[in-house]
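One structure below.
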Amino acid sequence: MISRVDRMKRENLKNTLEELSSHGNRWIGREGERLTSSYILNMFNELGMDEVLTQEFKVLDYIPISCSLQLTSPIQEEVVCEPLQFTECCQVEGEVVFLGEFENYSRSLDLSTYDLKDKVVLIVSDTPAFYIDDLVKKKAVGLIVATDAPNGLIRALAGKTYPPPLDDDIDLWKATIPGVVISKKSLYRLLSLMSLRKVKVSIEHKADYRTVTTRNVIGVLSSLDKNNNEEILLGAHYDSQMKGLGVWDNLTGLSTLLELARILSMNRDNRRNIVFAAFGAEEVGLWGSALYVNNRKEEIKANCVAMFCLDAVSTIFSNKKSLWSEGKLRDFIIERSIRYGFRIDNVHPLDLSYSDYYPFAINGVPSAMLWENPPTHPYYHTEEDTIEYINFDKLASIGNFILALIDEIVYYPNLNFSNKK
Ligand SMILES: [Zn+2]
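Under my numbering, the first residue of the sequence shown is numbered 22, with each subsequent residue one higher.
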């Protein structure tokens, strides 16, 4: 039966997260990424799960070589920049056009009033990959992305996202124009010059691409009822962006997943299968979750009753608590949040390929992500995404709410969220 006692403890979450962060950066192919996937695999085995497996797959690694952003007119000046990952390697020149701040969670772009031919486009965004193809169609030649991280920090961002290729042509996978990322301070410098006259720049971007192998790590707790093939899937990506320890994104999600695995392994009275999935290569375009769904699409469509995505769960900041979900699962979570006194501030649909729920959601699996946004963690995708910005009491309270939802779904097999008749 459902226990109302808070079973996920802040100290356990903190210890797990600290241990995970000792592996270092977890960018695809790096040592920290391998150590982390082995740690997860060992843990699933030690918990004595009924099934533990890995799914290996190839992913395109991005190795930055150099980038530069040079003002060429009306003055000559070098602007500090970072490469926009997975963009073209070449040098381009053009006049800069500022398109404003792109709302991170909307893909609808009206570019009809802009002439972008041969222009270098300047935008403020954390998700430039959602827009770059539209800019290419309008014949823009380069992209400057300004981020709003404090203290002159520049976020690590990618110019390409879902769907990943997952086939032999993976090395062709990049945006067809070069891109760079700049700080907020440099954005203001550019805008002030642009307010006086036309500004021209030269962008150069060089990188290497190579194929590396990574993996998903999967653990299963089988249903007590052996005739029930239904499953609930709990997923968290374990890779990080190229900079720093990626504590918010995504050791908060991964440690919550591992604590859920530990707690639910003790019970073993679930009446639906519980699948724990630690996904690889999320930051470069949801490769792990896309592969997981593609490999067993029919089975997942038939049997996966709910998917919970744990990504960038909680911070010390007073961000909005946000539920990304749709349909009956969303209604169920909102109803339970009221019953348990768990505050949810806003609800968002699942129409963006923002995290690992997406390959599930587009295949009709009722999915949900509970996290804190807006605003985004100020140090998102920077080296300052560290443990000091995590409130473990808050993380545990979200973990316990999710645990209560899972409890109910796995103990009551009549509970269904499918929108199918
Ligand atoms: Zn993430």
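We put the CB at the ideal spot given by N, CA and C, even for glycine.
All of these numbers come straight from a predicted model, not from anything done at the bench.
Under the three-state reduction of DSSP output, residue 342 falls in the strand class. Separation of the CB atoms of residue 168 and residue 147 is rounded to 7 Å, and the pair is thereby assigned contact status at 8 Å. Residue 271 has its CB nearer than 7 Å to a heavy atom of ligand 1. Given a length threshold of 4 residues, each whole run of the alpha helix (DSSP H) inside the region 256 to 298 is given here in chain order: 273 to 288.
Scanning its chain for C-beta atoms nearer than 6 Å, with the 5 sequence neighbours on each side dropped, one finds around residue 349 the residues 438, in chain order. Non-local C-beta neighbours of residue 98 in its own chain, meaning closer than 6 Å and more than five positions away in sequence, comprise 92, ordered along the chain. Distances between the C-beta of residue 333 and the heavy atoms of ligand 1 include at least one below 7 Å. For residue 302, the number of other beta carbons within 10 angstroms of its own is at least 16, and it is reported as buried. Taken through DSSP and simplified to helix, strand or coil, residue 205 comes out as helix. Per DSSP, residue 349 lies in no beta strand (DSSP E) segment; the continuous alpha helix (DSSP H) that holds it begins and ends at 348 to 361. In this structure, the alpha-carbon of residue 109 lies about 14 Å from that of residue 223. Under DSSP, residue 231 takes part in a beta bridge, and its partners are 82. Residue 332 places its beta carbon less than 8 Å from that of residue 274. Leaving aside the five residues that flank residue 380 on each side, the residues in its chain whose CB is nearer than 7 Å to its CB run, in chain order, 307, 310, 311 and 314. Of the other Cβ atoms in all chains shown, fewer than 16 fall within 10 Å of the Cβ of residue 69; this residue is therefore exposed. Contact between residue 250 and residue 324 is confirmed by a C-beta separation of about 5 Å, below the 8 Å threshold. In the DSSP annotation of this structure, the continuous segment of the alpha helix (DSSP H) that includes residue 310 starts and ends at 308 to 316. In summary, residue 390 is buried, with 16 or more beta-carbon neighbours lying within 10 Å of its beta-carbon over all protein chains present.
Secondary structure note for residue 157: its alpha helix (DSSP H) is the uninterrupted segment 153 to 158. If the five residues before and after residue 417 are omitted, its C-beta is found closer than 8 Å to the C-beta atoms of 27, 29, 30, 31 and 34, all from its own chain and listed in chain order. If you draw a straight line from the Cα of residue 327 to the Cα of residue 386, it comes to about 6 Å. Counting along the chain, no alpha helix (DSSP H) covers residue 367; the unbroken beta strand (DSSP E) around it starts and ends at 367 to 369. Taking the Cα positions, residue 182 is about 17 Å away from residue 270.
For residue 120, the enclosing beta strand (DSSP E) starts and ends at 111 to 122. In this structure, the C-beta of residue 369 stays at least 7 Å away from each heavy atom of ligand 1. By the criterion of a C-beta distance shorter than 8 Å, residue 220 is surrounded in its chain by 92, 94, 95, 116, 117, 211 and 214, once the five residues flanking it on both sides are discounted. Secondary structure of residue 95 (DSSP, three-state): coil.
One Cα belongs to residue 103, the other to residue 398, and the distance between them is close to 20 Å. For residue 164, there is no enclosing alpha helix (DSSP H); the enclosing beta strand (DSSP E) covers residues 163 to 167. The alpha-carbon of residue 272 is positioned some 21 Å away from that of residue 73. In the displayed model, residue 75 falls within a strand according to three-state DSSP. Excluding residues up to 5 positions away in sequence, 249, 251, 292 and 293 lie with their Cβ nearer than 7 Å to the Cβ of residue 434 in the same chain. In this structure, residue 297 lies near residue 240, with their beta-carbon atoms less than 8 Å apart. Per DSSP, the unbroken beta strand (DSSP E) holding residue 390 starts and ends at 388 to 393. Counting along the chain, residue 329 sits inside the beta strand (DSSP E) bounded by residues 325 to 330.
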